[in-house]
Structure formats: structure tokens, C-alpha cells
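Engineer: Going by UniProt numbering, the first residue of the sequence shown is number 1, and it counts up by one from there.
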Amino acid sequence: MAQLYWQTAGTGKVDLVLLHGWGLNAEVWHCIIDRLSPHFRLHLVDLPGFGRSGDYGALTLDQMVDSLLPQMPEKAIWLGWSLGGLVASRLALRYPQRVQALISVASSPCFTARDDWPGIKPHTLQSFQQQLSDDFQRTVERFLALQTLGTESARQDARVLKSVVLSQPMPSVAVLEGGLEILRQVDLRAEMVALTVPMLRLYGYLDGLVPRKVASLLDEQWPHSESCVIEKAAHAPFISHPEAFCQHVIDFTQPLTQ
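#1: Quick one: complete beta strand (DSSP E) runs, 3+ long, within the segment 25-93?
#2: Is it the case that the segment 44-54 contacts the segment 18-34, given that we only count it when at least three CB pairs across the two stretches are under 8 Å?
#3: Specify, as a first and last residue, the run of the alpha helix (DSSP H) that Arg155 falls within.
#4: Are the beta-carbon atoms of Val65 and Leu91 separated by less than 8 Å?
#5: Going by C-alpha to C-alpha distance, which of Val197, Ala244, Arg189, Asn25 sits closest to Val214?
#6: Ignore the nearest five residues each way along the sequence and tell me which others in Ile230's own chain have a CB closer than 8 Å to its CB.
#7: Is the CB-CB distance between Leu256 and Gln130 below 8 Å?
#8: Ignoring anything shorter than 3 residues, give me the beta strand (DSSP E) runs that lie fully in the segment 202-242, in order along the chain.
#9: Taking three-plus beta-carbon pairs below 8 Å as touching, is the segment 34-41 in contact with the segment 56-70?
#10: In three-state DSSP terms, what is Thr148?
#11: Quick check on the DSSP output: the beta strand (DSSP E) that includes Asp134 runs from which residue to which?
#12: Would you mind sorting Asp115 into buried or exposed? The rule is 16 or more other CB atoms within 10 Å of its CB.
#13: Excluding the 5 residues flanking Val193 on each side, which residues of the same chain have their C-beta closer than 7 Å to its C-beta?
#14: So for Met192, helix, strand or coil by DSSP?
#15: In the DSSP assignment, find the beta strand (DSSP E) that holds Val99 and state where it starts and stops.
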């Protein structure tokens, strides 16, 4: 049976599980490990089909959650970036008793733009899916460049993301297409209204994939959650603004870690 790559680090007493985004792997968190490890026991996971968890094919969102169950801590804070935010949110909906708190980063319960909802235009996601088969590496690089667009350190941040991708085995086209399909179809807005675990939502002011308007819309729809929009950040705020990002995480979780 396939098993996820799962690394544990840090000296804190509280478990914090970090889930990466589409096309990437757990190496993306290395720029913030030193800042967070005194506060948490960190769990760095390669999602199924990505990085060192390569023995998986394309999965649905619920199957991704299922793959986490054998190794997940009894109770933990779950932090998910982008696609990882959807995985962490779905897990919190299914197993609230195992989730101490939920932190979503540059994520949305519904990534695709709808009539009443800002997001990625459906044809943009469809064109990425089509281009994956034609020019696999270039398509992934274009998606990574979109994530850092507009920040003062955009080129440098894009290079960091690219190096993370290239540091581990590349996901298959099928796995990447499956991840895009989740981003295209999943809509957790209504279900998440009933979530009772403490929740923090972090956004980048310049994010072109998850527009900052999502933050204010969810402030109204999910009054039980907190939100923060990080100025001058785009889709990867932990890379462009690591200190501010970590401070938000530490401040939010401090009541839980004492």
C-alpha cells in the first residue's frame, strides 16, 4: 500500500501539519521551518502523487484526505496553502475532533469564478489542463510565475518555487490534471459555514489566483473565522513575507499552545 512522505521536525508541544499547493511538495516550507520549529512539532507532508509521495495516481479531494489518515497526529493544527487549503478544510469538515485549528493560506473554498464569486476564470484552468499534455514543464513554470506576480521579489520568489519543484521527482500529468480538476470543481462554501473549529484565513493583497475580495466575502459568510490580508504579498506570502506570515500563525495559535 502506498504511503505518504511525512517528515516531523521542531521542538514545540503542539502538532502543526503543513500541506503544500498544486505542483509542489513539502520542500516549499523550508524558508519558514526555523521560525516555526521552536513553537510547534511540524509535520511536512508531500501530498499524494507529489514529490516523494509518487506512488499515487490522480485522486479526488476525499481520497486525498483518506491518504492522510494513517499518519496524522491524534489532534493537530492544520495549515493548507492553495490546493492544500482545500484538503485541510475537507479534513476539518470530516474529522473536526482531530483538528485543533485550521489555517488556510491563499486558498478559497471555491477557486473557480462563478456569477457571484471571484476566482480563477474556468477557461484559464481548462487551458492549463490542455497545455499540461503539450508542454508539461513549461505549463507548471507558467503557473508558478502566476503565483508570485506583482510582488517586489517576484522573480526571486518564482525561482524559489521552481527550485522546490525541481528538487523532487516531478508529478505525473495525470496527478497534475487531477489537482486542477479539484480546483475547478470543488465548492465548500456552504459546508464550511457549519465548521466550529478555530480558523484563520491568510491572503496576499496582490494574489491573482485567490482575489482579496474572497477575504471580505468570507468575513460575512463565516463570522466564526478570522482573516488577514498581507500587504504586498501575492499567492505565496510565506515566501515573499516569511516573518510577517509566521507571526500571524504564532499569534493565532498562541492560546492553543499554552
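Ideal Cβ positions, reconstructed from N, Cα and C, are used throughout, including at glycine.
Structural biologist: Taking the geometry as given:
#1: 40-46, 76-81
#2: yes
#3: Here residue 155 refers to the residue found at position 155 when the sequence shown is read from its first residue. Here the alpha helix (DSSP H) through Arg155 covers 154-166.
#4: Numbered from its first residue, the sequence shown carries residue 65 at position 65. Numbered from its first residue, the sequence shown carries residue 91 at position 91. For the 8 Å CB-CB criterion, Val65 and Leu91 form a contact.
#5: In the sequence shown, the residue the question calls residue 214 occupies position 214. Closest option to Val214, Cα to Cα, is Arg189.
#6: On the sequence shown, position 230 is the one that residue 230 refers to. These residues qualify, in order along the chain: Leu202, Tyr203, Gly204, Tyr205, Pro237, His241, Ala244, Phe245, His248.
#7: Here residue 256 corresponds to residue number 256 of the sequence shown, with the count starting at 1. Here residue 130 corresponds to residue number 130 of the sequence shown, with the count starting at 1. Not closer than 8 Å, so no.
#8: Within the segment 202-242, the complete beta strand (DSSP E) runs of at least 3 residues are 226-230.
#9: no
#10: Walking along the sequence shown from the start, residue 148 turns up at place 148. Of the three classes helix, strand and coil, the one that applies to Thr148 here is helix, per DSSP.
#11: Here residue 134 refers to the residue found at position 134 of the sequence shown. Here Asp134 belongs to no beta strand (DSSP E); instead the alpha helix (DSSP H) covers 122-134.
#12: For this step, residue 115 is matched to residue 115 along the sequence shown. The residue is exposed, with fewer than 16 neighbouring Cβ atoms inside 10 Å.
#13: For this step, residue 193 is matched to residue 193 along the sequence shown. Cβ neighbours of Val193 beyond the five flanking positions: Gln221, Trp222.
#14: Taking the first residue of the sequence shown as position 1, residue 192 is located at position 192. Here Met192 sits in helix by DSSP.
#15: Stepping through the sequence shown from its first residue, residue 99 is reached at position 99. That run of the beta strand (DSSP E) goes 99-105.
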